[in-house]
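Per full-length UniProt numbering, the sequence shown runs over residues 1 to 350. Glycine included, C-beta positions come from ideal geometry on N, C-alpha and C. Given the structure is predicted, the values throughout are model-derived calculations rather than measurements. Worksheet for the structure shown next.
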Amino acid sequence: MALNMVLLRELTVAALFFIINYLFTRYLTRKFSRQLPPGPRGWPIIGAIPLLGAMPHVTLAKMARKYGPVMYLKMGTCNMVVASTPDAARAFLKTLDLNFSNRPPNAGATHLAYNSQDMVFADHGPKWKLLRKLSNLHMLGGKALDDWAHVRVSELGHMLRAMCECSRKGEPAVVPEMLTYAMANMIGQILLSRRVFVTQGSESNEFKDMVVELMTSAGIFNIGDFIPSVAWLDLQGIERGMKKLHLKFDVLLTKMLEEHKASAHERKGKQDFLDVLLANQENVAGEKLSYTNIKALLLYILGTLVHSFDWKLPKDVELNMDEVFGLALQKAVPLAAMVHPRLEPHAYLD
1 MALNMVLLRE LTVAALFFII NYLFTRYLTR KFSRQLPPGP RGWPIIGAIP LLGAMPHVTL
61 AKMARKYGPV MYLKMGTCNM VVASTPDAAR AFLKTLDLNF SNRPPNAGAT HLAYNSQDMV
121 FADHGPKWKL LRKLSNLHML GGKALDDWAH VRVSELGHML RAMCECSRKG EPAVVPEMLT
181 YAMANMIGQI LLSRRVFVTQ GSESNEFKDM VVELMTSAGI FNIGDFIPSV AWLDLQGIER
241 GMKKLHLKFD VLLTKMLEEH KASAHERKGK QDFLDVLLAN QENVAGEKLS YTNIKALLLY
301 ILGTLVHSFD WKLPKDVELN MDEVFGLALQ KAVPLAAMVH PRLEPHAYLD
C-alpha cells in the first residue's frame, strides 16, 4: 500500500512537471512568435516548403506583396526571414551585416567545401579575413588584374584561333565549351602558372562535367538541410553524390598541389596565386592556412569562375519582350546579326 502511494505521488509530480513545462514553453513560444515578421502559416514539420512551388522566387515575390518587405517563413524546422526590397536588403546586408555574415550549415558546405573551409562558407573571423585579403590582393584586385592581363590576351588568342580552325574544317564552334576551356586555362595560369587544358579532349570534358555537377549539387534543394533530424537518411541521395564528387575533386586538387610543389624551381620569383597561399600559411597575426583551406579555396575559385551556363526559360514559359522584364530592359528590340570576319581567315591563324 505504501509503495503504491509513493508511486502515485511520483507519477503525479512528473505529470505536474510535464504540464507546467509544456505551458511555460507554449507561453514563451507565443511571446516570441509575436515578435516575428508576418508570413504564411505553414504545415506541421515541413513548414512553408510546399508553398514555394517550382519557382520560389516568383512565389516569394507574390508573398511579399501580401505580407510586406520583410516576412517570416518556417522552412522545415528552420526559421527564415526574407527581405524583398532594397531598403530591407540593405538593412540585412550592410547595416547589420556582421549579425548575418555566417552561413547556416548545409550538406554542400560539409561535403563539397571541406566542412566549410572555403571563403564562401567559412565563419567570419581571422581565417576568413586572411583568405579574402590574399584573394583580393593577388587575384581579384585592380593591380592583380593588370598583372595578369597578358594571360587573358593570350587565352583569347588561343580561343579565336580554335574558332577559325573549326571554320576552316567546316565544323561547328561550340562557344560555351570554348569559353569554359579558355576560362579554365586563364585561371590555371593565374593559380598554377600553367594551362590546365592544352587540348580539348576527354580530360577537359570530364573536368567541365565535374564543375557543372559541383554547381548543380551545391544549389539543389536538400530536405535534410531544412529538417536536420532526417538528414542521416539522405532521402534524395544527394549527399552520396556529393561525397563521390568531393573525392574526385580532392584527387585532382591534391595532384595539382604536388605537381606545383615539384615545379617550384621553374618559376624563380614569378609567383602565382598558389605560391602566395603556400607562402602565407601563417601570417603575422599567427593565423594559419592548412592544406585543406587551400584546397577548399582552389575548389571555390575553379567552380565559380570556370562555370559557364546558358540562359534558358523555365518549361512552358514564353518571354514576352513587350510586357515582361527581360534580361536587361523592360522593352527590348530583338536583334538579328550575322557575324562576318573583317580579315582573311589566314590572318587569325598567324
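So, at 7 Å on beta carbons, what are the nonlocal neighbours of residue i in its own chain, with the 5 sequence-adjacent residues on each side left out?
i           : result
residue 114 : 292, 295 and 296
residue 155 : 182, 185 and 186
residue 85  : 69
residue 236 : 222 and 223
residue 117 : 292, 293 and 296
residue 195 : 185, 188 and 189
residue 218 : 108 and 112
residue 241 : 217
Report yes if the C-beta distance between residue i and residue j is below 8 Å; otherwise report no.
i           : j           : result
residue 299 : residue 249 : yes
residue 245 : residue 130 : no
residue 40  : residue 55  : no
residue 48  : residue 74  : yes
residue 98  : residue 124 : yes
residue 134 : residue 276 : yes
residue 37  : residue 71  : yes
residue 303 : residue 214 : yes
residue 127 : residue 287 : yes
What residues match up with residue i in a beta bridge as DSSP calls it?
i           : result
residue 74  : 79
residue 47  : 43 and 75
residue 129 : Residue 129 is not bridged to any residue.
residue 94  : In the DSSP output, where bridge partners are listed per residue, residue 94 has none listed.
Please return the same chain residues whose Cβ sits closer than 8 Å to the Cβ of residue i, not counting the five positions on each side in sequence.
i           : result
residue 151 : 186, 189 and 190
residue 254 : 295
residue 323 : At residue 323 the pLDDT is 43, less than 50, meaning the model places this residue with poor confidence; the figure from the coordinates comes in the next sentence. So the list is empty, once near-sequence residues are dropped.
residue 59  : 51, 52 and 53
Can you tell me where the alpha helix (DSSP H) holding residue i begins and where it ends?
i           : result
residue 270 : Here residue 270 belongs to no alpha helix (DSSP H), and DSSP marks it neither H nor E.
residue 150 : 149 to 169
residue 223 : 223 to 226
residue 189 : 175 to 192
residue 249 : 238 to 262
residue 107 : 107 to 111
residue 59  : 56 to 67
Using C-beta distances below 6 Å, list every residue in its chain close to residue i, excluding the 5 sequence neighbours before and after it, in chain order.
i           : result
residue 101 : 124
residue 333 : Per-residue confidence for residue 333 stands at a pLDDT of 47, beneath the threshold of 50, marking its modelled position as unreliable; the derived number appears in the next sentence. If we look at residue 333 and ignore the five residues flanking it on each side, it has no Cβ neighbours.
residue 166 : 173
Q: Specify whether the stretch 105 to 112 and the stretch 258 to 272 touch according to this definition: at least 3 beta carbon pairs, one from each stretch, less than 8 Å apart.
A: Counting Cβ pairs under 8 Å, fewer than three are found: no touch.
Q: Would you check if there are 3 or more beta carbon pairs closer than 8 Å linking the stretch 245 to 260 to the stretch 138 to 146?
A: At 8 Å Cβ cutoff, the stretches do not touch.
Q.
Contact between the stretch 58 to 78 and the stretch 218 to 237 is defined here as three or more beta-carbon pairs at a separation below 8 Å; is this criterion met?
A. Output reads yes: the stretch 218 to 237 touches the stretch 58 to 78.
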